[in-house]
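For what it's worth, UniProt numbering labels the leading residue of the sequence shown as 1, then goes sequentially. In what follows, a single structure is set out as structure tokens and then discussed.
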Amino acid sequence: KGAEAMDSEPPGDSGTHPAEESEERETLPTENGGGDITESNIGYDFTRVPQMLTGAWVEYTNTQENFLKGCKWAPDGTCLMTNSADNVLRVYNLPSELYSEDRDVLAEMRPVLRMAEGDTLYDYCWYPRMSSMNPETCFIASSSRDNPVHIWDAFYGDLRGTFRPYNHLDELTAAHSLSFTPDGSQLFCGFDKMVRVFDTSRPGRECEQRPTVGKQRGGSGIYYCTLLNCTIDIYCIGTSRHLNWGWGRRANRVSKGPHPQGTHLDWRKASFCLFFGGLKDPEILCWDLRRPGKVLFSMLRTVTTNQRMYFDME
1 KGAEAMDSEP PGDSGTHPAE ESEERETLPT ENGGGDITES NIGYDFTRVP
51 QMLTGAWVEY TNTQENFLKG CKWAPDGTCL MTNSADNVLR VYNLPSELYS
101 EDRDVLAEMR PVLRMAEGDT LYDYCWYPRM SSMNPETCFI ASSSRDNPVH
151 IWDAFYGDLR GTFRPYNHLD ELTAAHSLSF TPDGSQLFCG FDKMVRVFDT
201 SRPGRECEQR PTVGKQRGGS GIYYCTLLNC TIDIYCIGTS RHLNWGWGRR
251 ANRVSKGPHP QGTHLDWRKA SFCLFFGGLK DPEILCWDLR RPGKVLFSML
301 RTVTTNQRMY FDME
């Protein structure tokens with residue numbers, strides 16, 4: 001879990017979550033009809049106390065007022081990427097000792113790559129089909145203030161391409177959120193009242209523009225998190241104006257979501273379950289998108305600041 005500062009005032013009391021209204025949780029069928037969505041399906045043992053094996057400290061203490069703002073696992077699980085206040089993306093390989101029984105003493109992790117952005121980083125994400133065994137799939141997308149979307153080579157650290165979004169005044173504008181489609185063919189970028197979709201095979205300024213204000217739309221605000229699920233052909237967006245919205249990838253139809261001020265979204269793999277974290281929200285909420293009006297269940301967490309708090313799903 002990482003955190004990224006957001007320029008936003010603390011939200012007011014949003015009242016009681018739907019998750020608090022009733023202790024009952026429905027058992028819903030999965031999309032393939034095989035099995036039920038229940039908390040008892042999770043087979044992990046969380047009674048064991050976590051043990052810290054290693055970490056990275058020197059990179060974030062050598063520079064005054066530098067601190068970690070986010071951390072994201074690579075899709076193949078062999079490395080991770082961090083974002084920090086010095087506007088540098090760092091890639092770390094997992095220690096080789098983690099793959100053996102010799103874990104008693106692990107050296108401090110050192111970055112194998114550093115990719116510097118020119119200004120405050122807004123968002124960053126891995127190419128979903130990334131595999132360290134195939135360097136041609138090792139890419140990272142990032143967006144920073146007053147800069148285009150950059151595509152970095154996560155194997156060598158070079159800048160490989162840019163996607164240049166322009167507003168209605170033909171001015172370069174920075175994306176606040178990024179999300180690849182699961183097959184990596186498109187990159188969805190969230191802006192103020194706009195979603196732009198780039199074809200990843202064609203870097204440049206050409207893109208599909210999807211305004212989200214107007215008749216039968218209404219998705220106003222800056223989009224701080226964007227997420228796609230091709231299994232059910234939908235993408236969801238958390239905005240800065242107390243709304244959470246979902247669109248069909250092709251249809252542009254809108255459905256209003258039930259919770260304010262989204263900062264991070266994630267899917268349960270191959271399911272209709274959407275997990276949602278909000279600004280200063282002490283809960284991670286889960287909805288079944290076939291019945292979005294009711295929270296399926298919630299998980300408590302500690303969030304005390306106006307920061308973007310990440311979480312990840314196994």
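From the three backbone atoms N, C-alpha and C, an ideal C-beta is built for every residue, glycine too.
When you compare each of the options to residue i by their alpha carbons, which one comes out closest?
{"i": "residue 111", "options": "191, 85 and 81", "result": "81"}
{"i": "residue 212", "options": "203, 202 and 196", "result": "196"}
{"i": "residue 89", "options": "100, 69 and 286", "result": "69"}
{"i": "residue 152", "options": "164, 114 and 169", "result": "114"}
{"i": "residue 134", "options": "286, 205, 71 and 78", "result": "78"}
{"i": "residue 200", "options": "313, 179 and 309", "result": "179"}
{"i": "residue 116", "options": "108, 99, 106 and 91", "result": "91"}
{"i": "residue 315", "options": "84, 48, 93 and 74", "result": "Nothing can be reported for residue 315: it is not among the residues displayed for the chain, which extend from 1 to 314."}
{"i": "residue 145", "options": "294, 292 and 172", "result": "172"}
{"i": "residue 165", "options": "73, 158, 106 and 177", "result": "177"}
{"i": "residue 316", "options": "59, 189 and 107", "result": "Outside the shown range of the chain (1 to 314) lies residue 316, about which nothing can therefore be said."}
{"i": "residue 60", "options": "108, 307, 137 and 294", "result": "108"}
Using the rule of at least 16 other Cβ atoms within 10 Å of the residue's Cβ for burial, across every protein chain shown, is residue i buried or exposed?
{"i": "residue 23", "result": "Because residue 23 carries a pLDDT of 40, less than 50, the predicted location of this residue cannot be relied on, and the following value inherits that uncertainty. Counting Cβ neighbours within 10 Å, residue 23 comes out exposed, since fewer than 16 surround it."}
{"i": "residue 305", "result": "exposed"}
{"i": "residue 44", "result": "exposed"}
{"i": "residue 175", "result": "buried"}
{"i": "residue 46", "result": "exposed"}
{"i": "residue 121", "result": "buried"}
{"i": "residue 150", "result": "buried"}
{"i": "residue 285", "result": "buried"}
{"i": "residue 167", "result": "exposed"}
{"i": "residue 124", "result": "buried"}
{"i": "residue 274", "result": "buried"}
{"i": "residue 186", "result": "buried"}
{"i": "residue 301", "result": "exposed"}
Near residue i, what residues of its chain come up, given a Cβ to Cβ distance below 7 Å and the 5 sequence neighbours on each side ignored?
{"i": "residue 76", "result": "130, 131 and 132"}
{"i": "residue 209", "result": "194 and 196"}
{"i": "residue 161", "result": "151 and 203"}
Considering only residues of the same chain and omitting the five flanking positions on each side of residue i, which have a CB-CB separation below 6 Å?
{"i": "residue 86", "result": "63 and 66"}
Is there at least one non-hydrogen atom of the ligand NAD closer than 7 Å to the beta-carbon of residue i?
{"i": "residue 91", "result": "In the structure on display, the ligand NAD does not appear, and there are no ligands present to speak of."}
Give a yes or no on whether the minimum CB-CB distance between residue i and chain B is below 8 Å.
{"i": "residue 204", "result": "The chain inventory of the structure shown lacks chain B, comprising one protein chain alone."}
Go through its chain and collect everything with a Cβ distance to residue i's Cβ below 8 Å, but skip five positions before and after it.
{"i": "residue 119", "result": "87, 144, 145, 146 and 147"}
{"i": "residue 205", "result": "163, 164, 165 and 166"}
{"i": "residue 311", "result": "1, 264, 266, 275, 277, 284 and 301"}
Which runs of the beta strand (DSSP E), 3 residues or longer, sit entirely within the stretch 140-220?
-> Within the stretch 140-220, the complete beta strand (DSSP E) runs of at least 3 residues are 149-153, 159-163, 177-180, 186-191, 194-199 and 208-211.
Beta strand (DSSP E) runs contained entirely in the stretch 55-124, provided each spans 3 or more residues = The stretch 55-124 is shown to contain whole beta strand (DSSP E) runs of 3 or more residues at 68-73, 79-84, 88-93 and 113-116, in chain order.
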